[in-house]
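Here the structure comes first, spelled out in structure tokens, and everything after it is commentary.
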Amino acid sequence: MELQQAEGTFRQRGANLAAVAVASASALESWCQAGGITYPMLADPDHQVAEAYAVYNLLDDGAATPAVFIIDAERRITWQHVGSTANDYPSVETILAHLPSTPE
Amino acid sequence: MTLNQSKRMWIMLDIGIVAAVGLGLLMLWLARDPLPPQPTPTPVPPTPTQESVVAARVGETTITYTAWVKAFLVDRVMSEFAGQPPPSAEETLQRMINETLVRRASSPPPPDAATVEAKIAELEATWGVGEEAVVDRLAAVGLSREALERAVRRLLRVQSGMNALSQQGVNVDQWLQEERQATTIWIAEGLPVPEVWVDPAAQPPSSTAPPAPTATPAPTATPTEEPAALAPAFTLQRARGGTFTLDAQSLERPLVLVFFQRRG
Numbered sequence: 005m006e007l008q009q010a011e012g013t014f015r016q017r018g019a020n021l022a023a024v025a026v027a028s029a030s031a032l033e034s035w036c037q038a039g040g041i042t043y044p045m046l047a048d049p050d051h052q053v054a055e056a057y058a059v060y061n062l063l064d065d066g067a068a069t070p071a072v073f074i075i076d077a078e079r080r081i082t083w084q085h086v087g088s089t090a091n092d093y094p095s096v097e098t099i100l101a102h103l104p105s106t107p108e
Numbered sequence: 057m058t059l060n061q062s063k064r065m066w067i068m069l070d071i072g073i074v075a076a077v078g079l080g081l082l083m084l085w086l087a088r089d090p091l092p093p094q095p096t097p098t099p100v101p102p103t104p105t106q107e108s109v110v111a112a113r114v115g116e117t118t119i120t121y122t123a124w125v126k127a128f129l130v131d132r133v134m135s136e137f138a139g140q141p142p143p144s145a146e147e148t149l150q151r152m153i154n155e156t157l158v159r160r161a162s163s164p165p166p167p168d169a170a171t172v173e174a175k176i177a178e179l180e181a182t183w184g185v186g187e188e189a190v191v192d193r194l195a196a197v198g199l200s201r202e203a204l205e206r207a208v209r210r211l212l213r214v215q216s217g218m219n220a221l222s223q224q225g226v227n228v229d230q231w232l233q234e235e236r237q238a239t240t241i242w243i244a245e246g247l248p249v250p251e252v253w254v255d256p257a258a259q260p261p262s263s264t265a266p267p268a269p270t271a272t273p274a275p276t277a278t279p280t281e282e283p284a285a286l287a288p289a290f291t292l293q294r295a296r297g298g299t300f301t302l303d304a305q306s307l308e309r310p311l312v313l314v315f316f317q318r319r320g
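Going line by line, the protein sequences match chains A and B. Quick note on my numbering: the first sequence kicks off at 5 and runs consecutively. Quick note on my numbering: the second sequence kicks off at 57 and runs consecutively.
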């Protein structure tokens, strides 16, 4: 799943993109720089947010489980995919198919 | 009042009575329910397997079923080692609700790993048990040591949050009561409380029938009054500086929120 490339497409479809990782901001910063990531990469070092979304440590690896949530403008979770293995992400096409249609 | 309050907490947590008595007391203190008694969850045989099942909502914050059951089982193990009567599942949930309120009000920083380890070592010393016994006992209820680490981390965090409130001159007792009155608290009814945690993610996918009764369809675990799945609000630091907030006001467009497995 190449998110950086997909970001523009999400934007065209009227949606924003953000990613969360159980890591410190400084650890993620170098990752963002190396990968040319410009969308918000959010640091959740104490996994509070991963826990709130019930995706923390499901694979018993001390990390967030691969997951994608589509949240509408009313903050409702309209679609979600929680991975059952490492790297179990939905394709960009799948995410696009579940984006709410927003008149732009 | 305030001083006594804070003193009491510190005494309990720092003199190692923690292990034997204090932890139990702190848990009970946090578990006290100043509201009219909540309906007691009626046991329902089938087990929710959805990770997203919500046990309670505290304002915008969600306490998941998974987090609740794990916390309850850890509480039981700790009480057992400390020779204390174990809390009921309901008490554990009430405590988690109170902890959420404390954490929300004071956003104490999480303790580092060394502090958590030191506290666990202290607990084990007071309990008079070794690391192995603790791990074994946790394993017997289906938990790893990580569950204990998480519980201790949460406890230390809440402790420093309560201390911060006390230092601001807040009467924590009274504050908690007011906060509970002012906050929308929703508790799921009828969620089962297992004796042993079975990780749904670790269960074989549908090919073999689990030992738990499967004849009855699994509960939807969404009682009628539960609001539609609302994305938990949060504010996190951005890797490249600044913060990102998801709350009722900040969302003008739909958001694709991705969780990466990467650790750091």
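Glycine included, every Cβ here is placed at the ideal spot set by N, Cα and C.
Item: Chain A contacts from the stretch 192 to 206 of chain B (Cβ-Cβ distance under 8 angstroms); Value: S200, E202
Item: Close beta carbons around S162/B, own chain, < 6 angstroms, minus the five adjacent residues each side; Value: G217, A220, L221
Item: Y57/A, DSSP secondary structure in three states; Value: coil
Item: Residue-level contact to chain A via CB, A284/B, 8 angstroms cutoff; Value: Any reading at A284/B must be qualified, since the residue scores a pLDDT of 47, below 50, and its modelled position is unreliable; the value itself is stated next. With 8 angstroms as the cut-off, A284/B counts as an interface residue toward chain A.
Item: DSSP bridge partner residues for P45/A (one or two, in chain order); Value: What sits at residue 45/A in the sequence shown is Met, not Pro. Answer is A23/A, bridged to M45/A.
Item: Alpha-carbon to alpha-carbon, A112/B and I153/B; Value: 8 angstroms
Item: Buried or exposed (CB count within 10 angstroms, at least 16 for buried), A145/B; Value: buried
Item: Neighbour list for A114/A in chain B, Cβ cutoff strictly below 7 angstroms; Value: Outside the displayed range of chain A (5 to 108) lies residue 114/A, so it cannot be described from this structure.
Item: Presumed contact (8 angstroms Cβ cut-off) between E33/A and A295/B, rounded CB distance; Value: 5 angstroms
Item: Stretch-stretch touch, CB-based, cutoff 8 angstroms, three pairs: the stretch 304 to 316 of chain B with the stretch 58 to 74 of chain A; Value: yes
Item: V214/B - DSSP class collapsed to helix/strand/coil; Value: helix
Item: Proximity winner among A138/B, R193/B, Q215/B, W183/B, relative to E251/B (alpha-carbon distances); Value: R193/B
Item: Min CB distance A101/A to chain B below 8 angstroms; Value: no
Item: W231/B in three-state terms, based on DSSP; Value: helix
Item: CB contact flag (P141/B, L212/B, <8 angstroms); Value: no
Item: Sequence-distant residues of the same chain with beta carbon closer than 7 angstroms to V24/A, five excluded per side; Value: L46, D48, V53, A54, A68
Item: Beta carbon proximity, T69/A to chain B, threshold 8 angstroms; Value: yes
Item: Chain D contacts from the stretch 232 to 250 of chain B (Cβ-Cβ distance under 8 angstroms); Value: Chain labels in this structure do not include chain D; the protein chains are A and B.
Item: Chain-ordered residues of the stretch 48 to 65 of chain A with a beta carbon less than 8 angstroms from chain B; Value: D48, P49, D50, Q52, V53, A54, E55, A56, Y57, A58, V59, N61, L62, L63, D64, D65
Item: Per-residue burial, R210/B [other beta carbons within 10 Å of its own, 16 or more giving buried]; Value: buried
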